[in-house]
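This report refers to the structure that appears directly beneath it.
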Amino acid sequence: MGNYTAMVIRMRAFTAFFIFLLVCAVDARGADVAQPKGGGVSWPTATEVSVRFSRHEGFDRIVFEAPDELFIKSTVVTTTQNQIKIQFPGNLDLKSPGPLDIDTSLKWRTYLIKEKDPFTIKVLKLSSPPRLSIDIMTVQKEEVRKPAVVETIPSEMAAHFTVVIDPGHGGYDLGIISGDLREKDISVSLARDMEAALLKKKRSVFLTRKSDQFLSIDERDMFALQKSPDVFLSLHLSLSDSFVIYTSSGEPANTESSPAELYSLTSRQRKFADKSRALAEDFGKFIKDEFKTEIIMRELSLPLLNAIGAPAVLIEFPRSIVYDKVARARITDALVKGISFYESR
Amino acid sequence: MKADKKRLLWVILFLLLFGSGIAGGYFFVSTKFFASKAEPHIPQSVLQPDNDVFVRIFYPSDSALVMEERRVRRATEITMAEEIVAEFLKGPLNRAASVIPSGAKVLGLYQGNDGILYVDLSDEFRRNFQGDALAEFLLLKGLYESIISNVKGVNDVKVIIEGKEIESIGGHLFALYPLKNTVAEAK
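Line by line, the protein sequences are chains W and H.
In terms of the numbering used here, the first sequence opens at residue 371 and continues consecutively.
In terms of the numbering used here, the second sequence opens at residue 2 and continues consecutively.
Next comes the structure, spelled out in structure tokens:
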């Protein structure tokens, strides 16, 4: 009887032990399944995070890449006066292709970037692959910009009627390509022809670019602002077979909390809207007379025109024209007549 | 009699141990070794055509947008938005007359807390764009309208290229800012 009781006790003990094992296994499974759903998620093991650093014109970029998107999404970036604090949600196994050209340190889950100069940051969290990108921009007290190109006439003539001509595109931005035709080449050829014609008429002329170089919209605007022109003209090609003349529609329809407003890009053109329309009509009239074709007039909130504090138009020429010397001379003649007519108003 | 009872107890004990071992082993092995390889559970109903949804995609065409209906998988908003952008990049049925840049791909979508949907596209979207100011305007407006009119909870759309902000896609309009204001009007 004693053996029997002992056997029963042993049997119960074994059963309890296996039930315990069973419960542990179920618990472990539950924990693993619950992890990716977020909400109080923890990363028990170190997450492998690669870090890359690169310097660009005007900003430095540091990018953290992790295999887990939730890990990146849960990362918090804060700044103080002289450092950027990146708080990761779990331990890191930080991999870097080499020493970073920036003052950084890693303490526990916190990555610190120290900056000597005042700065602002732009944070972007992206998927595919999951990564955190931080652009660090040094704040300059007075933003000094270089002129995009040198002046084309002596400064003593600056008191005259001043025209800024902006050949569209340039550099790696080819614009429209049609066979051998490249918009960036046509626009600069037309601009140079116009420059020569206007110089003969004793006008001050400035070109935003005279060679095959890339200029941003912002650089073109800044150049025009420096020259305080009486007329601004941007030259482009159209996909259609028509001449299209654009004026600024003044400002975007919904200016509420518009980020562009912060840069005051839309406000300068506002008070020149009527003069810009008049200038567009004058160009349209002489082009129509020369080419006997209908001209399309459009208003569009083009940032290039919005920022110009002067009468400003953007003209697109048909890509179907063969831009030989004769065609360019006809276009130049029409545009110069348009400027002269506008000036005489 | 006593020997029979004892044998019976051994048999029961063996069966219990064996059963518990099999069950415990199954849970342990399935948890540790097969959990990561397991296919995600997709309800069969999701794969049915009935669960696809028609969306309206707006493509640039001459001087306006044209709407075409396309079928995409009904899924989360972000996944749907990604499929919508992919459909947009495929271009309209009349691909020859399209200014949608060839070879452009969706690299990823991310929605910020501010309701802005960041659409990360491959560099072909910028590099292969061939168009004038109106074409660029319609390209961005078409992308914006295609997302906004089909995806809930998106307040605005911002295009980034290869994970980076760029000033402009075609040299006429800003891509630095979300698109709502950029594509607000044209006369």
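Using N, Cα and C, we set each Cβ at its ideal position, and we do this for glycine too.
Since this is a predicted model, take the numbers as computed values, not measurements.
Delimiting residues of the alpha helix (DSSP H) encompassing residue i
| i | result |
| --- | --- |
| Glu553 (chain W) | 553 to 570 |
| Arg698 (chain W) | 695 to 714 |
| Ile587 (chain W) | 587 to 597 |
| Ala87 (chain H) | 78 to 91 |
| Pro673 (chain W) | 673 to 676 |
| Phe441 (chain W) | 439 to 443 |
| Asp644 (chain W) | 643 to 661 |
| Leu180 (chain H) | 180 to 183 |
Cβ-based burial, residue i [other Cβ within 10 Å; buried from 16]
| i | result |
| --- | --- |
| Ser714 (chain W) | exposed |
| Asn182 (chain H) | buried |
| Gln639 (chain W) | buried |
| Asn624 (chain W) | Note that Asn624 (chain W) has pLDDT 47, beneath the 50 cutoff, so the model's placement of it is unreliable and no number is given. |
| Met4 (chain H) | Per the sequence shown, residue 4 (chain H) should be read as Ala rather than Met. Flag for Ala4 (chain H) reads exposed. |
| Ser646 (chain W) | buried |
| Glu512 (chain W) | With a pLDDT of only 45 at Glu512 (chain W), under 50, the local geometry of the prediction cannot be trusted, and no value is derived from it. |
| Thr702 (chain W) | buried |
| Leu90 (chain H) | buried |
| Phe15 (chain H) | exposed |
| Tyr616 (chain W) | buried |
| Gly541 (chain W) | exposed |
| Val378 (chain W) | exposed |
| Asn114 (chain H) | exposed |
| Thr415 (chain W) | exposed |
| Ser475 (chain W) | exposed |
| Val184 (chain H) | buried |
| Leu635 (chain W) | Any reading at Leu635 (chain W) needs caution, since the residue's pLDDT is 46, under 50, leaving its predicted position unreliable; the model's value is listed next. So Leu635 (chain W) ends up on the buried side. |
| Asp157 (chain H) | buried |
| Glu589 (chain W) | buried |
| Gly333 (chain W) | Within the shown structure, residues of chain W are numbered from 371 to 715, placing residue 333 (chain W) beyond reach of any answer. |
| Arg72 (chain H) | exposed |
| Arg380 (chain W) | exposed |
heavy atom of the ligand FMN below 6 Å from residue i C-beta
| i | result |
| --- | --- |
| Leu607 (chain W) | As presented, the structure is devoid of all ligands, the ligand FMN included, so that no description of it is given. |
Contact set between residue i and chain H, taken where Cβ atoms lie within less than 8 Å
| i | result |
| --- | --- |
| Pro437 (chain W) | Those within 8 Å of Pro437 (chain W) in chain H number zero; the least Cβ separation is about 12 Å. |
| His725 (chain W) | Here chain W has residues from 371 to 715 only, and residue 725 (chain W) is not among them. |
| Tyr616 (chain W) | Ala134 |
| Met381 (chain W) | Leu10, Ile13, Leu14, Leu17 |
| Tyr546 (chain W) | A small correction: the amino acid at residue 546 (chain W) is Ile; Tyr does not occupy that position in the sequence shown. Residues of chain H passing the Cβ test: Gln131, Gly132, Asp133. |
Contacts that residue i makes with chain W (C-beta to C-beta distance below 8 Å)
| i | result |
| --- | --- |
| Tyr119 (chain H) | Leu494, Leu496 |
| Tyr111 (chain H) | Leu494, Lys495, Leu496, Ser497 |
Under 7 Å by beta carbon: chain H residues contacting residue i
| i | result |
| --- | --- |
| Met377 (chain W) | Leu10 |
| Arg673 (chain W) | Residue identity check: residue 673 (chain W) is Pro in the sequence provided, not Arg. What Pro673 (chain W) touches in chain H: Leu174, Phe175. |
| Ile665 (chain W) | What Ile665 (chain W) touches in chain H: nothing, since even the nearest Cβ is about 14 Å away. |
| Ser559 (chain W) | Within chain H, no residue comes near Ser559 (chain W); the closest Cβ sits about 17 Å away, beyond 7 Å. |
| Ser608 (chain W) | Asp133 |
| Glu427 (chain W) | The contacting residues do not exist; Glu427 (chain W) stays about 12 Å from chain H at best. |
Chain-ordered chain W contacts of residue i [CB-CB under 7 Å]
| i | result |
| --- | --- |
| Phe138 (chain H) | Leu670 |
| Leu108 (chain H) | Ser498 |
Beta-carbon neighbours of residue i, restricted to chain H and to distances below 9 Å
| i | result |
| --- | --- |
| Thr385 (chain W) | Leu14, Leu17, Leu18, Ser21 |
| Glu686 (chain W) | Asp133, Ala134, Leu135 |
Span of the beta strand (DSSP E), counted from its first residue to its last, around residue i
| i | result |
| --- | --- |
| Lys337 (chain W) | Limits of chain W in this structure are 371 at one end and 715 at the other, which puts residue 337 (chain W) out of reach. |
| Thr617 (chain W) | 613 to 618 |
| Pro537 (chain W) | 532 to 537 |
| Glu418 (chain W) | 417 to 426 |
| Lys477 (chain W) | 473 to 477 |
| Leu603 (chain W) | 601 to 608 |
| Glu669 (chain W) | 665 to 670 |
| Arg501 (chain W) | 501 to 508 |
| Tyr221 (chain H) | Because chain H spans 2 through 188 in this model, residue 221 (chain H) falls outside it and cannot be assessed. |
| Ile685 (chain W) | 682 to 688 |
Listed by chain order, chain W residues near residue i by CB distance under 9 Å
| i | result |
| --- | --- |
| Ser169 (chain H) | Asp543, Ser586, Ile587, Pro673 |
| Gly164 (chain H) | Val433, Leu494, Leu496, Arg501, Ser503 |
Query raised in the report: Just checking, does the segment 650 to 660 of chain W make contact with the segment 564 to 580 of chain W on the three C-beta pairs under 8 Å criterion?
Result: The segment 650 to 660 of chain W makes no contact with the segment 564 to 580 of chain W; the number of CB pairs closer than 8 Å stays below 3.
Requested in this report: At 3 residues or longer, and completely inside the segment 95 to 134 of chain H: list those beta strand (DSSP E) runs for me, N to C.
Outcome: Fully enclosed beta strand (DSSP E) runs of 3 or longer: 107 to 112, 117 to 122.
Report task. Could you tell me whether the segment 423 to 437 of chain W touches the segment 468 to 475 of chain W, where touching means 3 or more Cβ pairs closer than 8 Å? Result -> Because the criterion of three Cβ pairs below 8 Å is met, the segment 423 to 437 of chain W and the segment 468 to 475 of chain W touch.
Requested in this report: Give a yes or no on contact between the segment 154 to 169 of chain H and the segment 115 to 123 of chain H, applying the rule of three or more CB pairs nearer than 8 Å.
Outcome: When Cβ pairs closer than 8 Å are counted between the two stretches, the segment 154 to 169 of chain H is seen to touch the segment 115 to 123 of chain H, the count reaching three or more.
Requested in this report: Count the CB pairs spanning the segment 533 to 552 of chain W and the segment 603 to 610 of chain W that are closer than 8 Å, and state whether there are at least three.
Outcome: Yes, the segment 533 to 552 of chain W is in contact with the segment 603 to 610 of chain W.
Requested in this report: Evaluate the contact criterion for the segment 667 to 675 of chain W versus the segment 171 to 179 of chain H: three or more CB pairs, one atom per stretch, below 8 Å.
Outcome: With a cut-off of 8 Å, the segment 171 to 179 of chain H and the segment 667 to 675 of chain W count as touching, because enough Cβ pairs lie within range.
Query raised in the report: If you pair each beta-carbon of the segment 125 to 143 of chain H with each one of the segment 102 to 109 of chain H, do three or more pairs fall below 8 Å?
Result: Touching, yes.
Requested in this report: Answer yes if the segment 127 to 145 of chain H comes into contact with the segment 496 to 506 of chain W, meaning at least three C-beta pairs across the two stretches below 8 Å, and no otherwise.
Outcome: Fewer than three pairs of CB atoms, one per stretch, sit closer than 8 Å, so the segment 496 to 506 of chain W makes no contact with the segment 127 to 145 of chain H.
Query - Segment contact, 8 Å Cβ cut-off, at least three pairs: the segment 681 to 696 of chain W with the segment 23 to 30 of chain H - result: At 8 Å Cβ cutoff, the stretches do not touch.
Query raised in the report: Where in the segment 139 to 167 of chain H do unbroken runs of the beta strand (DSSP E), each at least 3 residues long, occur, reported from the N-terminal end onward?
Result: The segment 139 to 167 of chain H contains these whole beta strand (DSSP E) runs: 157 to 162.
Query raised in the report: For the segment 410 to 419 of chain W against the segment 437 to 453 of chain W, are there 3 or more C-beta pairs whose distance is under 8 Å?
Result: Contact check between the segment 410 to 419 of chain W and the segment 437 to 453 of chain W: three or more CB pairs, one atom from each, fall below 8 Å, which counts as touching.
**Report entry** Stretch pair the segment 146 to 153 of chain H + the segment 544 to 562 of chain W: three plus CB contacts closer than 8 Å
**Finding:** Contact between the segment 146 to 153 of chain H and the segment 544 to 562 of chain W is absent: fewer than three C-beta pairs spanning the two stretches fall below 8 Å.
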